[in-house]
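979 is the number of the first residue of the sequence shown in the numbering used here; add one for each residue after it.
Backbone N, C-alpha and C define an ideal beta-carbon position, used for all residues, glycine too.
From a predicted model like this one, the values you see are computed outputs, not experimental measurements.
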Amino acid sequence: MTDQRLIPEQLGWPDLPAAQQPSWPDLAARDSAVARLRGMPPLVFAGECDLLRGQLAEAARGRAFVLQGGDCAETFDGVGADAIRAKLKTVLQMAIVLTYGASMPVVKVGRIAGQFAKPRSATTERIGDIDLPSFYGHLVNDDAPTAEAREHDPLRMVRAYDQSARTLNLLRAFSKGGFADITRVHEWNQEFVATSAEGRRYEQVASEIERALRFMTACGIDLAREAQLHQVDVWTSHEGLVLDYEEGLTRRDSLTGDWYDCSAHMLWIGERTRQPQGAHAAFFAGVHNPLGVKLGPSASPQELVELCALLDPHRTPGRLTLIARMGAARVREALPPLLQAVRDAGHPVVWSCDPMHANGIRTASGLKTRRFDAIMDELEGFVATCRSEDTWPGGVHLEFTGEDVTECLGGAEAVLEDQLETRYMTLCDPRLNARQSLDLAFRLAELLRGDARHR
Ligand code: PEP
Ligand code: CO
C-alpha cells in the first residue's frame, strides 16, 4: 500500500490488524477497483452527516428516539422499486406509531444503500457434504453454493457502489417527493398488513392523525407550509466492514477540511471488528460521520471506555451510538456495568438496543430463525435496565423487510415453525416481516411511554 492511499488522520490503520477482510486473489485488481471508487461522486455529503449527528444528539439528550433497521444483507439481484417502497412504508409506519405513541421525534436510519458486507464466524461453511468458502455479502462474493461463486471478487465493490447509488436515488425520491407526506398515512399500510390486528390498530392511529390535521387546519394553521409534514429524512447506514471499500469512498470536505466516509451517513463497527487496537476503530476514528458500535455480552467496561476515547475524544453528542446486542437472557446483567462506565467517562452517547443478533436459534430442520417473544424480551430488559440506570433508552436496531416473509417466529399473527419455509428469502439472518415490525413498534411505543412517564 503506498502512502498516496492513506488519509492523513488515519495514518496507521493499514498497519493494524483488520479482522474479517476479504482475501482478494489479485491485489492489482483490488487496487484498480479502489481507484475506480475514488473517482466516483460521493453517495452522501458531509453536511447531511452533520444534520444526522444533530438529530442523534437529540436522542443522546433523551429528546428523540432512533429507529435503525433494514435487511441483514442487501442483495445485488433484481432489487426493484417495489421492494424499496415496501421497506420505506414499514419504516414510515413504525416511525409514526413510535412518534404518536411515545410523543417523541423519531430519527429514521435505514440499513440500506450499502449493507452488502457480512462478517462471518467461520471462513468456510458446510453445504450438503462439501466445505465452501463462507458467503461474505454481495460486496465480496456470491451466495450461490459453488466454489466459483464464493471467490472473492474486488470488482464487486464497484457494483456495490452502483447498487447503492440506485437505491439511494429512489430513497431520496420517495422520502422527499410526496410519498412520505403525512396526508398519505393510510397508504403506508400494505394490504397484507392492513388485514391483521396490528394493521387495524394502525388504521385507527392513522385516522386520529388525520383528524388532528383537520383540527389544525380548522384552527387556521396552513399545513401546506409545514415542510416536516410533507417529507422525511431517511438516513443511510451499514456496517463499515470492508476497509478497501470504505477507504475508496472517503473524501475531504472542501468547507471544513474534515474527512467523511461518503458511502453512508452513518457507519457502524460490528461485534467482530470492534477491537480498540484494530484497524476498524483506527479508520473510523479518522472520519467525522456519526458512528455506531455493536456490543455483545463479552464487551468489557474497560475496553468500551477505550473505544469511546478513541472514537469520541471530544465528547460530541450524536457522534457515537452504542448498540447493545446482549440476548434476552443476558441483557439485564451485562448492560449495567457498560452504562455506568460510559456515563462515568462522560461520553454523551445514544444507547440503542439490537434485540436480533444475540437471539438467533435454529429449527430442527436447520433454518436460522428468531422468536418474536425473545426479541421483545430483550427490548423490555433493555428499557428497564436503562431506566434503573437513569439512562435514556435512545434507539432500536432491527432487521426487517417490508415484504411478507416468514423468517422470524411468532408475533400477533404468529408465524409458526412449519410455515417458516414458505417465504424464507433472506440472504443472511432472519428478518421481521412488515406485520411483525408494526406489532413491535406498538409494543415498543408502550414501553417508551412508560419510560417517559417514569422520567
Ligand atoms: C449485523 O448487524 O448484521 C451483524 C452482523 O451484527 P453484529 O456485529 O452485532 O453481530
Ligand atoms: Co444480521
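Does the beta-carbon of residue i, which I'm using as the reference point, lie nearer than 7 angstroms to any heavy atom of the ligand CO?
| i | result |
| --- | --- |
| D1028 | no |
| H1216 | no |
| E1385 | no |
| H1335 | yes |
| C1331 | no |
| E1377 | yes |
| D1004 | no |
| D1200 | no |
| D1407 | yes |
| C1050 | yes |
Check this for me: beta carbons of residue i and residue j, under 8 angstroms apart or not?
| i | j | result |
| --- | --- | --- |
| V1309 | A1302 | yes |
| I1090 | T1214 | yes |
| A1392 | D1417 | no |
| D1239 | E1224 | yes |
| A1037 | G1372 | yes |
| L1030 | M1244 | yes |
| Y1180 | Q1280 | no |
| T1379 | L1398 | no |
| P1111 | R1137 | no |
| A996 | L1288 | no |
| H1216 | A1242 | yes |
| P1003 | H1130 | yes |
| Y1078 | V1183 | yes |
| G1088 | V1118 | no |
| V1085 | L1076 | no |
| R1016 | G1226 | yes |
| L1201 | I1062 | no |
| W1246 | V1271 | yes |
| R1349 | P1097 | no |
| R1014 | G1177 | no |
| L1405 | T1053 | yes |
| A1458 | D1159 | The requested residue 1458 is not part of the displayed model; the chain covers only 979 to 1433. |
Would you say the beta carbon of residue i is closer than 7 angstroms to some non-hydrogen atom of the ligand PEP?
| i | result |
| --- | --- |
| L1272 | Residue identity differs from the one stated: residue 1272 is Lys in this sequence, not Leu. Yes, since a heavy atom of the ligand PEP falls inside the 7 angstroms radius drawn around the Cβ of K1272. |
| G1248 | yes |
| P992 | no |
| H1292 | no |
| D1055 | no |
| D1121 | no |
| D1351 | no |
| C1197 | no |
| P1097 | yes |
| R1303 | yes |
I think residue i touches residue j, with their Cβ atoms under 8 angstroms apart; what is that distance to the nearest whole Å?
| i | j | result |
| --- | --- | --- |
| G1048 | Q1093 | 6 angstroms |
| F1360 | C1386 | Not a contact, Cβ separation roughly 18 angstroms. |
| C1050 | D1351 | About 20 angstroms separates the two Cβ atoms, so there is no contact after all. |
| L1313 | L1357 | Incorrect: roughly 12 angstroms between the Cβ atoms, too far for contact. |
| L1316 | A1277 | 6 angstroms |
| L1285 | A1257 | Contact doesn't hold; Cβ gap of about 14 angstroms is too wide. |
| I1187 | V1163 | 5 angstroms |
| C1027 | H1292 | Not a contact, Cβ separation roughly 16 angstroms. |
| R1409 | E1377 | 5 angstroms |
| L1066 | F1152 | 5 angstroms |
| L1146 | L1034 | Going by Cβ atoms, the distance from L1146 to L1034 rounds to 20 angstroms, so no, they are not a contact pair. |
| M1194 | A1011 | About 52 angstroms separates the two Cβ atoms, so there is no contact after all. |
Closest to residue i by C-alpha separation, out of the options, would be which residue?
| i | options | result |
| --- | --- | --- |
| G1156 | L1133, G1373, L1207 | L1207 |
| F1043 | W991, V1136, T1369, W1166 | T1369 |
| T1299 | P1315, A1306, D1322, P1268 | P1268 |
| Q1168 | L1394, T1400, D1382 | D1382 |
| W1329 | G1296, R1349, T1347, L1345 | G1296 |
| D1290 | L1273, A1307, M1334, G1264 | G1264 |
| L1005 | P1097, L1133, T1145 | L1133 |
| I1353 | G990, K1346, N1337 | N1337 |
| Q1046 | R1427, G1428, S1415, E1424 | S1415 |
| T1363 | G1025, W1166, A1307, L1146 | A1307 |
| L1426 | A1080, E1026, Q998 | A1080 |
| Y1402 | T1347, D1028, I1247 | T1347 |
| P1333 | V1327, L1345, A1342, D1355 | D1355 |
| I985 | A1172, F1262, D1109 | F1262 |
| S1099 | A1190, E1311, V1012, H1335 | H1335 |
| A1122 | A1342, I1199, P1326, E1103 | E1103 |
If we define contact as Cβ-Cβ less than 8 angstroms, is residue i a contact residue for chain C?
| i | result |
| --- | --- |
| L1416 | The displayed structure is made up of one protein chain only, and chain C is not part of it. |
Unbroken beta strand (DSSP E) runs of length 3 or more, entirely within the stretch 1260-1317: which are they? Within the stretch 1260-1317, the complete beta strand (DSSP E) segments at least 3 residues long are 1269-1273, 1298-1302, listed from N- to C-terminus.
At 3 residues or longer, what runs of the beta strand (DSSP E) sit wholly inside the stretch 1142-1227? Within the stretch 1142-1227, the complete beta strand (DSSP E) runs of at least 3 residues are 1212-1217.
Which whole runs of the beta strand (DSSP E) in the stretch 1027-1060 are 3 residues long or more, in chain order? Whole beta strand (DSSP E) segments, 3+ residues: 1043-1048.
3-residue-minimum beta strand (DSSP E) runs that sit fully inside the stretch 1320-1350, ordered along the chain: If we require 3 residues or more, the beta strand (DSSP E) runs fully inside the stretch 1320-1350 come out as 1328-1331, 1338-1340, 1346-1348.
Whole alpha helix (DSSP H) elements within the stretch 1344-1426, 4-residue minimum: You should have 1350-1366.
My parser needs the alpha helix (DSSP H) runs of 4 or more residues fully inside the stretch 981-1020; what are they? Counting whole runs of 4 or more residues, the stretch 981-1020 contains the alpha helix (DSSP H) stretches 1005-1016.
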